[in-house]
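To start, the structure itself, in structure tokens.
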Amino acid sequence: MTETGTLRKTALNATHRAAKAKMVDFGGWDMPVEYSGLIAEHMAVRTAVGLFDVSHMGDIQLRGPGSLAALQQLCMNDASKLAEGQAQYSAMLYPNGTFVDDVVVHKLSGNDYLIVINAGTREKDVQWIRQTIGRMPGVHINDFSDYYTQLAIQGPRAAETLQKLTSTDLSAIKNYWFTWGQVCGLHNVMIARTGYTGEDGFEIYIPSDVATSERVWNEVLAAGAEFGILPCGLGARNTLRLESAMALYGHEISDTINALEAGLGRYAKLDKPEFVGRDALLAIQADGGPKRKLVGLEMMERGIGRDGYPVFSLDGAQAGERIGEITSGSPAPFLKKNIAMAYVPVEHSGLETELAVEIRGQKVKARVVPLPFYKKSKKSA
Amino acid sequence: MAYPAGYRYTKEHEWIEVDGNKGTVGITDYAQNSLGDIVFVDLPKVGDKVEAGNIFGSVESVKAVSDLYAPASGTVTAVNEDLANAPEKINADANKTWMLKLDLDGAQSDGLLSAADYEKFISEETGH
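What follows is the structure, given as structure tokens:
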């Protein structure tokens, strides 16, 4: 495989290969798709704890007195609401309201923000950020993507696992907040209670040299051994986020899908005076709202609806017509159902609406179900 | 995982064990490993005809779907019913987990690979 030479690697690449993980090209990165098996890894995260190398994610820092104003222009959520140590789900939109990318914005300190972006869109995102806010006064943009190894420790036992490696009281970090602490002897590690699995969990940002990355990776696995920790690949990451109905760029969100269609309107703060894409979203709203909607589908008959499979209506004026397409579909290992997300016209998006998915030439019945498919049980934390 | 010397193999990663005019068909360890956790197998019915080189069904893992190609032509005499509820048996032991039993249409092994040739083929395919 000569292409491997051109793929980018995280600091843990040799570790993944030594562990005999199956590797795939993910957005130009040579990444582990599974270690012991996708279902086992998925279940470890739902019932115990799993460890992911997510160092391929990008990390953009905005700093300077103009950073908040720049961020407010760049992203649809309201960053002025952030306190120091708080993170926020947001997105960068094009002027027409479609997605450049979805992001997580962290307020590091007064004028200092970290935007975590997707791996597959990294270059495009950085270019877009520079183009959109690079000329605004008092903002300095730094691409720190290669400076960090980002590890995600996810699952109901994630806190217990990580607590063994840090003196920081993790119970004091609320969901979507972060702090700085000592982890595995490293000082001032950013510890965020964030993730992409629908479970409780943490993401830590450590120096990206190979020795440090490998040492921390191994120490987390050792700390989690008593809870049954498994190293997890992107396969489980995808099924976990699908059960939790979290968007993936190129699937539920893209440059042809706007923020209102995607069901992410609650993160688009239209009462902010200005941000790129705002006018388009207001116009869509004024025009009666989006014409199509992201829905959850559960297969009612044997068959697995997968990414790109067409969706047909079963009744009404459009009976038998192709009305949409699955954006992500898979067996759901924890729910033990075949689930999918799809865009369909609003008139076909009602709960319990029966639709058909064409699976390899055969129409298989599915019904519209609420999103997310899976929601973690509330614990008295 | 060894590939049994008594089987013959397709380049699409099925195996067939031939005994007189009877054939038994499954997928290879390489195939199950590439697919990952298998969750669904779609097979023909007893009495159906399958034709060498043509698709006779499909196998799905969590992350992918793959067509099944018949190693030989014949009539289906038995389908492994266990796989409807326990398709993961293929992951556990692909060599022993059969999918179909066939009454073969005469002697045939055109284009099928020996175990040694199949191993050579997959090592070339993966570049290992």
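Protein sequence lines correspond, in order, to chains A and B. Under our numbering, residues 86 to 466 are what the first sequence spells out, in order. Under our numbering, residues 1180 to 1307 are what the second sequence spells out, in order. For every residue, glycine included, the Cβ atom is placed at its ideal position computed from N, Cα and C.
Assign Gly320(A) to one of three DSSP states: helix, strand, or coil.
helix
Is it true that the CB of Lys378(A) sits closer than 8 Å to the CB of Val429(A)?
With a cutoff of 8 Å on beta-carbon distance, Val429(A) and Lys378(A) are scored as near each other.
Leaving out the 5 sequence neighbours to the left and right, which residues in its chain are closer than 8 Å to Tyr232(A) when beta-carbon positions are compared?
Asp144, Pro292, Ser293
Would you identify the three-state DSSP class for Glu437(A), choosing helix, strand or coil?
coil
Helix, strand or coil for Arg220(A) per DSSP?
Coil.
Select from Pro117(A), Ile389(A), Gly373(A), Ala257(A) the residue whose C-alpha is nearest the C-alpha of Lys450(A).
Ile389(A) is the residue among Pro117(A), Ile389(A), Gly373(A), Ala257(A) whose C-alpha sits nearest the C-alpha of Lys450(A).
Express the C-alpha separation of Leu440(A) and Ile369(A) in angstroms, rounding to a whole number.
26 Å
So with Cβ pairs under 8 Å, would you call Ile124(A) a contact of chain B?
yes
Against Pro418(A), what residues of chain B qualify as contacts under a CB-to-CB distance less than 9 Å, listed in chain order?
By Cβ distance, chain B contributes Asp1216, Val1218, Val1241.
Pull up the distance between the alpha-carbon of Gln171(A) and that of Asp356(A), whole angstroms please.
21 Å
Would you decide whether Arg387(A) is buried or exposed? Buried here means 16 or more other CB atoms lie within 10 Å of its CB.
exposed
Go ahead and label Pro150(A) buried or exposed: buried means 16 or more other beta carbons lie within 10 angstroms of its beta carbon, across all protein chains shown.
exposed
Assuming Phe312(A) and Ala133(A) make a contact with CB atoms under 8 Å, what is their CB distance in whole Å?
5 Å
If you run the structure through DSSP and keep just helix, strand and coil, what is Lys422(A)?
Three-state result, Lys422(A): strand.
For my contact list, Ile424(A) and Leu382(A) are in at a C-beta cut-off of 8 Å; report their separation, rounded to the angstrom.
Separation of the CB atoms of Ile424(A) and Leu382(A) is rounded to 7 Å, and the pair is thereby assigned contact status at 8 Å.
Mind checking if Val1204(B) is an interface residue toward chain A, Cβ cutoff 8 Å exclusive?
no
Could you please give the first and the last residue of the uninterrupted beta strand (DSSP E) stretch that includes Gln267(A)?
263-268
If you draw a straight line from the alpha carbon of Gly261(A) to that of Asp163(A), how long is it in whole angstroms?
Reading off the sequence, residue 261(A) comes out as Tyr, not Gly. When only Cα atoms are considered, Tyr261(A) and Asp163(A) end up about 15 Å apart.
When you compare the CB of Leu327(A) with every CB in chain B, is at least one pair closer than 8 Å?
Not closer than 8 Å to any Cβ of chain B, the Cβ of Leu327(A) fails to qualify, so no.
Alpha carbon to alpha carbon, what distance is there between Val305(A) and Asp253(A)?
First, the amino acid is wrong: residue 253(A) is Thr here, not Asp. When rounded, the distance between both Cα atoms is 15 Å.
Starting from Ser298(A), trace the alpha helix (DSSP H) in both directions and tell me its first and last residue.
295-309
Could you check whether the Cβ of Val1244(B) sits closer than 8 Å to any Cβ belonging to chain A?
By this cut-off, Val1244(B) is an interface position.
Is it true that the CB of Val201(A) sits closer than 8 Å to the CB of Met142(A)?
yes
Can you find a CB in chain B that lies within less than 8 Å of the CB of Ser413(A)?
Judged by the 8 Å Cβ criterion, Ser413(A) is not in contact with chain B.
Short of 7 Å in beta carbon distance, which residues of its chain neighbour Ser194(A), apart from the five on each side in sequence? Order them along the chain.
Glu169
Where Ala176(A) and Asp210(A) are concerned, what is the direct C-alpha to C-alpha distance, given to the nearest angstrom?
11 Å
Skipping 5 residues on each side, what residues in its chain have a beta carbon closer than 8 Å to that of Asp340(A)?
Tyr179, Thr183, Phe184, Val185
Which residues in the same chain as Pro416(A) place their Cβ atom closer than 7 Å to its Cβ, once the five residues preceding and following it in sequence are excluded?
Ile389, Asn423
Short of 7 Å in beta carbon distance, which residues of its chain neighbour Glu433(A), apart from the five on each side in sequence? Order them along the chain.
It should be noted that the sequence gives His, not Glu, for residue 433(A). Excluding positions up to five away in sequence, the list reads Ser398, Ile408, Leu440.
Under 8 Å, Cβ to Cβ, is there at least one residue of chain B near Ile424(A)?
no
Just to confirm the assignment, what range does the beta strand (DSSP E) spanning Ile202(A) have?
Its beta strand (DSSP E) spans residues 197-202.
What does Phe435(A) touch in chain B if you count any residue whose Cβ is under 9 Å from its own?
For the sequence presented, residue 435(A) should be read as Gly rather than Phe. Correct list: empty, because the minimum Cβ distance to chain B is about 29 Å.
Taking the continuous alpha helix (DSSP H) assigned at Thr246(A), which residues delimit it?
Taken as a continuous stretch (DSSP letters only), the alpha helix (DSSP H) holding Thr246(A) covers 243-248.
Please determine, among Gly1226(B), Ser1302(B), Thr1305(B), the residue with the shortest C-alpha to C-alpha distance to Leu1279(B).
Gly1226(B)
Around the C-beta of Asp1208(B), are 16 or more other C-beta atoms found within 10 angstroms, so that it is buried, or is it exposed?
buried
Under three-state DSSP, which class holds Ile411(A)?
strand
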